[in-house]
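Heads up: the sequence shown runs through residues 127 to 509, numbered per my numbering.
Idealized CB from N, CA, C, for every residue including glycine.
Here is the structure we will look at, set down as structure tokens.
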Amino acid sequence: MKETFKLVATVAAGLESVVAKEVRALGYDCQVDNGKVYFTGDVRAIITTNLWLRAADRIKIIVGTFPAKTFEDLFQGVFKLDWEAYLPLGAAFPITKAKCVKSRLHNEPSVQAITKKAVARKLQQVYHRPEGVPLQESGAAFNIEVSLVKDKATLMIDTSGSSLFKRGYRVAKGGAPIKENMAAAILALTNWFPDKPLVDPTCGSGTFCIEAALIGMNIAPGFNRSFAFEAWPWVDQSLIQAVRDAAEMEANYDIELDISGFDIDGRMIAIAEQNAAEADLTGVITFKQMRLQDFRTTKQNGVIVANPPYGERLLDDKAVDILYNEMGATFAPLKTWSQFILTSDEQFERHFGRVADKKRKLYNGTLKVDLYHFYGQRIKRQQ
Ligand code: SAH
């Protein structure tokens, strides 16, 4: 099979630089495009990036790209690619996604059907199977995706399986959770380090706190889940185990962390605790039922990360205005604390009573949101 692969990590718009940094930290050079981070690597890279990337959505193999203006172009282009380098005889190869953007070929179901036919024809040829008889697809699944953008076709195989935001620890989520990879990306955009206190005063199901604990302990975000590539015959099970074992060795379970989550709703605190337990973090995070208005601390240099209710989501507008106002009043005395607040409310700063030092546009699902940065005053930390 293949030695090196062209790979792409897909990522929510606005967070490409965070994923690029993570990919480089794992030792792979990369190039960034909208919603994509491209890199090259071997089988170990597929395993490592799936296991370790905190902010990416999925890792996909790029099988090939070519211009396609007609169905004949598409069929021939797909047929020419070296599918046999990835798909053994017996593999299941559903075309799970077809996307057409600004292209002459725009009927997605037809693009999907032609792609299926061309891959099948290729496999029938290389594995000497008769053309008229459908291939058996009882083996491991290789989910194929085809996208046409401005008449250029890209064929990909998904290596992740379910999206990487699904870490496997969230047994319950409550009303309006933030995705795990989005929470990890936001933490990467803050100035939090594991030696600083971290507080999520509207913690809901506990996502920010749990992701922060995983970062603080250097625990691989994918340790608790499986991936599509694990069923592929050419991915050596002992290599997977070696990468997982190395991750286990790198974890630092003894580090002292100061991470707290509050929520006004006791049911959310129970859910957050259950999720933390599922991530093997029982006792690491302090969860407490509390109104954020009651938060007081004498600690210094902490970081607040919050995804409070937005008008559209959980509360009516008036109640949200009042809540933001009370947040501003509650956090104002915390001079050395930095605050990072995610909301879709464009009037947030007005109600909060402070103009942000920085604002970053992000998408929470399809909803446009801003991450408001407020930096604390710097005081020298004692060594
Ligand atoms: N990031 C969270 C979702 C937060 S939703 C997650 O990933 O699950 C906003 C949360 O704010 C809700 O759980 C709600 O109960 C809580 N909340 C609303 N008003 C609050 C208040 N005054 N004090 C503390 N929490 C509050």
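Open item on the list: Please report the distance separating the alpha-carbon of Leu-365 from that of Arg-170.
Closed with: Start at 1 with the first residue of the sequence shown, and residue 365 comes out as number 239. Start at 1 with the first residue of the sequence shown, and residue 170 comes out as number 44. The straight-line gap from Cα to Cα measures roughly 7 Å.
Open item on the list: With a threshold of 7 Å (Cβ to nearest heavy atom), would Gln-363 be considered close to ligand 2?
Closed with: Looking for ligand 2 in the displayed structure turns up nothing; the ligands present are ligand 1.
TODO: Below 6 Å CB to CB, which residues in the same chain sit around Ala-244 once its five sequence neighbours on both sides are set aside?
DONE: Working through the sequence shown from its first residue, we reach residue 244 at position 118. Cβ within range, chain order: Phe-201, Val-204, Phe-205.
- [ ] Return the bridge partner residues of Met-282 from the DSSP annotation.
- [x] Translated into positions along the sequence shown, residue 282 becomes position 156. Paired residues: Ile-188, Glu-271.
Open item on the list: Using the three-state DSSP reduction, which class does Lys-147 fall into: helix, strand or coil?
Closed with: As a working note, residue 147 is residue 21 in the sequence shown. It is helical.
Task: Range covered by the beta strand (DSSP E) that runs through Leu-324 - done: Residue mapping note: residue 324 aligns to position 198 of the sequence shown, counting from 1. From DSSP, the beta strand (DSSP E) with Leu-324 extends over 324-326.
Open item on the list: Quick check on this structure: which residue in Thr-423, Glu-404, Glu-399, Gln-419 has the alpha carbon closest to the alpha carbon of Thr-412?
Closed with: To locate residue 412, count along the sequence shown from 1; it is residue 286. Checked all of Thr-423, Glu-404, Glu-399, Gln-419; the closest Cα to Thr-412 is Glu-399.
Task: Identity of the residue in Pro-303, Pro-327, Asp-277, Ser-352 nearest Thr-423 by Cα - done: To locate residue 423, count along the sequence shown from 1; it is residue 297. Nearest C-alpha to Thr-423: Pro-327.
Open item on the list: So, under 8 Å CB-CB, Leu-449 and Leu-141 are touching, yes? Tell me the CB distance rounded to an integer number of Å.
Closed with: Residue mapping note: residue 449 aligns to position 323 of the sequence shown, counting from 1. Residue mapping note: residue 141 aligns to position 15 of the sequence shown, counting from 1. Incorrect: roughly 26 Å between the Cβ atoms, too far for contact.
Open item on the list: Tell me the residue span of the alpha helix (DSSP H) that contains Ser-74.
Closed with: In this structure the chain extends from 127 to 509, so residue 74 is not present and cannot be described.
Task: N-terminal and C-terminal residue of the beta strand (DSSP E) that Ala-432 is part of - done: Mapped onto the sequence shown, residue 432 falls at position 306. Taken as a continuous stretch (DSSP letters only), the beta strand (DSSP E) holding Ala-432 covers 429-432.
- [ ] Tell me whether Met-394 counts as near ligand 1, meaning its Cβ is closer than 7 Å to at least one heavy atom of that ligand.
- [x] In the sequence shown, the residue the question calls residue 394 occupies position 268. Yes; taking the cut-off as 7 Å, the Cβ of Met-394 has a heavy atom of ligand 1 nearer than that.
Open item on the list: In the DSSP assignment, the beta strand (DSSP E) including Gln-157 goes from what residue to what residue?
Closed with: Numbered from 1 along the sequence shown, position 31 holds the residue referred to as residue 157. Run containing Gln-157: 156-159, per the beta strand (DSSP E) assignment.
Open item on the list: Looking only at its chain, what residues have a beta carbon closer than 7 Å to the beta carbon of Ala-482, apart from the 5 residues adjacent to it on each side?
Closed with: The residue labelled residue 482 in the question sits at position 356 within the sequence shown. Only Glu-475, Tyr-498, His-499, Phe-500 meet the Cβ criterion.
TODO: Within the same chain, show all residues whose beta-carbon is closer than 6 Å to that of Ala-511, passing over the 5 residues directly before and after it, in chain order.
DONE: It is not possible to answer for residue 511, since the shown part of the chain is limited to 127 through 509.
Task: Assumed close pair Gln-421, Thr-456 - CB separation to whole angstroms, cut-off 8 Å - done: Numbered from its first residue, the sequence shown carries residue 421 at position 295. Numbered from its first residue, the sequence shown carries residue 456 at position 330. Gln is not the amino acid found at residue 421; the sequence shown has Phe there. Indeed they touch by this definition, with Cβ atoms about 6 Å apart.
Task: CB-CB length for Ala-224 against Thr-196, believed under 8 Å - done: Mapped onto the sequence shown, residue 224 falls at position 98. Mapped onto the sequence shown, residue 196 falls at position 70. Contact flag wrong, Cβ pair sits at about 16 Å.
Task: Where Val-369 falls, given that 16 or more other Cβ within 10 Å makes a residue buried - done: For this step, residue 369 is matched to residue 243 along the sequence shown. Under this definition Val-369 is a buried residue.
- [ ] Please find out if some non-hydrogen atom of ligand 1 comes closer than 7 Å to the beta-carbon of Lys-299.
- [x] Along the sequence shown, one-based indexing puts residue 299 at 173. Lys-299: yes, Cβ under 7 Å from ligand 1.
Task: Ile-430 beta carbon near ligand 1 (any heavy atom closer than 7 Å) - done: Position 304 of the sequence shown, counting from 1, holds the residue named residue 430. No, the Cβ of Ile-430 stays beyond 7 Å of every heavy atom of ligand 1.
TODO: Check whether the Cβ atoms of Gly-216 and Gly-265 sit closer than 8 Å, and answer yes or no.
DONE: Here residue 216 refers to the residue found at position 90 of the sequence shown. Here residue 265 refers to the residue found at position 139 of the sequence shown. A contact, by the Cβ cut-off of 8 Å.
Task: Bridge-paired residues (DSSP) for Ser-464 - done: The sequence position of residue 464 within the sequence shown is 338, counting from 1. Its beta-bridge partners are Val-429.
- [ ] Go to Arg-570, then tell me how far its alpha helix (DSSP H) extends in each direction, as first and last residue.
- [x] In this structure the chain extends from 127 to 509, so residue 570 is not present and cannot be described.
Task: Thr-191 versus Ala-338 - alpha carbon distance - done: By 1-based counting over the sequence shown, the position of residue 191 is 65. By 1-based counting over the sequence shown, the position of residue 338 is 212. Rounded to the nearest angstrom, the two C-alpha atoms are 38 Å apart.
Task: Identity of the residue in Gln-419, Glu-234, Ile-221 nearest Ala-267 by Cα - done: Residue 267 sits at position 141 when you count from the first residue of the sequence shown. If we check each option's Cα against that of Ala-267, Ile-221 comes out closest.
TODO: Could you tell me which residues DSSP pairs with Val-134 in its beta bridges?
DONE: On the sequence shown, residue 134 is found 8 positions in, with the first residue counted as 1. According to DSSP, Val-134 bridges with Tyr-164, Lys-186.
TODO: Give me whichever residues DSSP pairs with Ser-386 in a beta bridge.
DONE: Reading the sequence shown from its first residue, position 260 is the one you call residue 386. Ser-386 pairs with Val-325, Thr-412.
Open item on the list: Please list the terminal residues of the continuous beta strand (DSSP E) segment that includes Ala-224.
Closed with: For the purposes of this step, residue 224 is taken as residue 98 along the sequence shown, with counting starting at 1. DSSP places Ala-224 in the uninterrupted beta strand (DSSP E) bounded by 221-227.
Task: Cβ shell of Tyr-253 (< 6 Å), same chain only, five flanking positions each side left out - done: For the purposes of this step, residue 253 is taken as the residue at position 127 of the sequence shown. Hits under 6 Å: Leu-215.
Open item on the list: Since Lys-133 and Ile-172 should fall inside the 8 Å C-beta cutoff, what is the C-beta to C-beta distance between them, to a whole number of angstroms?
Closed with: Here residue 133 corresponds to residue number 7 of the sequence shown, with the count starting at 1. Here residue 172 corresponds to residue number 46 of the sequence shown, with the count starting at 1. As written in the sequence, residue 133 is Leu, which differs from the Lys given in the question. At roughly 7 Å, the Cβ-Cβ gap stays under 8 Å, so Leu-133 and Ile-172 are in contact.
Open item on the list: If you measure between the beta carbons of Gly-332 and Ala-302, is that distance less than 8 Å?
Closed with: As a working mapping, residue 332 is identified with position 206 in the sequence shown. As a working mapping, residue 302 is identified with position 176 in the sequence shown. Not closer than 8 Å, so no.
Task: Neighbourhood of Asn-275 by C-beta, 6 Å cutoff - its chain only, sequence neighbours within 5 removed - done: Position 149 of the sequence shown, counted from the start, is the residue given in the question as residue 275. One point to set straight first is that residue 275 is Val, not Asn, in the sequence displayed. Closer than 6 Å at Cβ, skipping near neighbours: Val-227.
Task: Contact set for Asn-317: own chain, Cβ-Cβ below 6 Å, skip 5 residues either direction - done: As a working note, residue 317 is residue 191 in the sequence shown. The residues are Ser-464.
- [ ] Note down, in chain order, each residue of its chain lying with its Cβ closer than 7 Å to the Cβ of Asn-307, except the 5 sequence neighbours on either side.
- [x] One-based indexing of the sequence shown puts residue 307 at position 181. Closer than 7 Å at Cβ, skipping near neighbours: Arg-180, Ala-181, Ala-182, Asp-183, Leu-290, Phe-291.
- [ ] Return the chain-ordered list of same chain residues with a C-beta closer than 8 Å to the C-beta of Lys-162, the five sequence neighbours on each side being excluded.
- [x] Sequence index remark: in the sequence shown, residue 162 carries index 36 (1-based). Around Lys-162: Val-134, Ala-135, Thr-136, Val-137, Glu-142.
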